[in-house]
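Written out below as structure tokens is the structure these notes cover.
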């Protein structure tokens with residue numbers, strides 16, 4: 219595979235399998251929560267699991283963002299110009315959504 | 219059904235189906251994210267979906283908490299004594315986890 | 219002092235001095251941040267202080283909420299009726315603002 | 219002023235006055251909250267003000283972070299090497315603190 223093609227891959231490409239494993243685990247947490255609701259488990263125990271799942275999602279988001287800044291944004295910054303500004307503005311919007319959510 | 223049995227149901231009991239539908243949708247979001255990663259979708263679009271999923275989880279947590287306070291905690295408060303304090307302390311711990319996560 | 223007067227005090231009344239001390243400290247953090255900006259301190263060090271101040275505010279909010287639920291909301295629940303529902307709905311709105319901010 | 223000196227300024231330098239005005243306003247909010255507690259204002263109204271202050275702090279943090287990434291981090295990325303990686307790791311730590319707090 220030529221380097222040209224490689225550079226088209228997104229920042230998270232190298233950790234694709236790790237991300238998929240994480241998302242499988244998060245999907246499992248969503249299924250586990252359905253079982254808890256079906257089995258009338260105690261509200262507070264359900265809330266504890268929801269918080270764990272939210273934390274797992276936030277950690278995944280931070281890992282994806284790290285790779286995005288290290289690759290896509292950094293590449294745009296090295297090329298310079300309007301593309302760099304646009305990529306930083308786009309990343310800042312994503313960070314704002316993470317902080318405010 | 220005797221009142222005795224009814225009072226054993228948790229606060230979220232009446233909305234069990236609504237909660238299960240929400241969790242099914244959240245599980246679907248987790249699967250959608252796996253497809254996005256597999257298909258090498260753009261990092262920022264994946265992050266947008268992660269934020270949407272986090273928001274959905276937070277809204278579910280707030281709905282569960284509302285029912286928990288309206289039922290379990292309120293019942294303990296009406297009975298009074300140490301049980302009321304314990305239930306409020308337990309709810310505050312859950313709220314703290316939600317706020318800090 | 220008659221009980222009538224006592225019950226008009228808000229939940230946080232007993233800890234008023236502690237809350238004022240906390241807020242004085244938070245005000246001091248806001249002034250410290252102004253000095254850092256004036257002295258051209260490093261951005262990341264400023265951000266660390268902003269995060270510390272946000273954490274201090276969240277902890278204060280959780281302490282106020284705890285007292286509010288233990289006193290105002292609990293009293294309304296003991297009296298029962300629409301007032302109890304209104305107080306719980308109002309508290310849930312405050313919790314939602316804390317979680318979503 | 220030589221360009222050499224200019225490049226030593228941090229990213230937020232151009233908006234220093236705007237940041238100081240924002241921090242003055244946040245300091246004013248901390249003083250306003252002390253008056254509310256002293257005057258025994260209603261707990262929920264105090265919590266609403268605390269949430270407004272937390273939001274103001276988060277917005278300030280995001281503005282500082284934007285400038286930091288646009289200037290300090292981008293400059294390190296253009297120079298390349300270990301310095302770039304270190305600056306991105308440092309920024310990610312700050313973002314993590316913002317998201318988790």
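Residue numbers (the working numbering), protein chains in the order written: chain Z, 219 to 319; chain S, 219 to 319; chain D, 219 to 319; chain G, 219 to 319.
Ideal Cβ placement from N, Cα and C applies to all residues, glycine included.
A quick note: this is a predicted structure, and the numbers were derived from the prediction, not measured.
Can you confirm whether residue i, when its beta carbon is compared against all beta carbons of chain S, has any partner nearer than 7 Å?
| i | result |
| --- | --- |
| residue 306(Z) | no |
| residue 232(D) | no |
| residue 288(Z) | no |
Taking the beta carbon of residue i as the centre, do at least 16 other beta carbons fall within 10 Å, making it buried, or is it exposed?
| i | result |
| --- | --- |
| residue 248(D) | buried |
| residue 285(S) | buried |
| residue 294(Z) | buried |
| residue 240(Z) | buried |
| residue 219(Z) | Low confidence applies here, because residue 219(Z) scores a pLDDT of 39, under 50, leaving its location unreliable; read the following figure in that light. Exposed: under 16 other Cβ atoms inside 10 Å. |
| residue 242(Z) | exposed |
| residue 198(G) | No information on residue 198(G) is available, as it lies outside the stretch 219 to 319 that chain G covers here. |
| residue 302(Z) | buried |
| residue 297(G) | exposed |
| residue 326(G) | Absent from the structure is residue 326(G), since the part of chain G shown begins at 219 and ends at 319. |
At the 7 Å Cβ level, is residue i part of the contact set with chain D, yes or no?
| i | result |
| --- | --- |
| residue 238(G) | yes |
| residue 292(G) | no |
| residue 269(G) | yes |
Beta-carbon of residue i versus every beta-carbon of chain B: anything under 7 Å?
| i | result |
| --- | --- |
| residue 248(Z) | Of the protein chains in the structure, Z, S, D and G, none is chain B. |
What residues in its chain sit with their C-beta under 8 Å from that of residue i, if we drop five residues either side in the sequence?
| i | result |
| --- | --- |
| residue 263(G) | 254 |
| residue 251(S) | 264, 267, 268 and 271 |
| residue 233(G) | 281 and 285 |
| residue 315(G) | none |
| residue 283(G) | 309, 312, 313 and 316 |
| residue 274(D) | 240, 243, 244 and 247 |
| residue 237(Z) | 230, 278, 281 and 282 |
Report yes or no: is there a C-beta of chain G within less than 7 Å of the C-beta of residue i?
| i | result |
| --- | --- |
| residue 316(Z) | yes |
| residue 282(Z) | no |
| residue 313(Z) | yes |
| residue 295(D) | no |
Short of 7 Å in beta carbon distance, which residues of its chain neighbour residue i, apart from the five on each side in sequence? Order them along the chain.
| i | result |
| --- | --- |
| residue 287(S) | 309 |
| residue 306(Z) | 291 |
| residue 256(G) | none |
Would you please verify whether the beta carbon of residue i is less than 7 Å from any beta carbon of chain Z?
| i | result |
| --- | --- |
| residue 301(S) | no |
| residue 279(S) | yes |
| residue 310(G) | yes |
| residue 319(S) | yes |
| residue 285(G) | no |
| residue 276(G) | yes |
Could you pull out every residue in the same chain whose Cβ sits closer than 6 Å to the Cβ of residue i, ignoring the five residues on either side in sequence?
| i | result |
| --- | --- |
| residue 300(D) | none |
Notebook entry, point to check: Can you list the alpha helix (DSSP H) stretches of 4 or more residues lying completely in the region 275 to 314 of chain D, in chain order?
Noted result: Counting only runs of 4 or more, we get 292 to 297.
Next item on the list: At 4 residues or longer, and completely inside the region 225 to 267 of chain D: list those alpha helix (DSSP H) runs for me, N to C.
Entry: If we require 4 residues or more, the alpha helix (DSSP H) runs fully inside the region 225 to 267 of chain D come out as 234 to 256.
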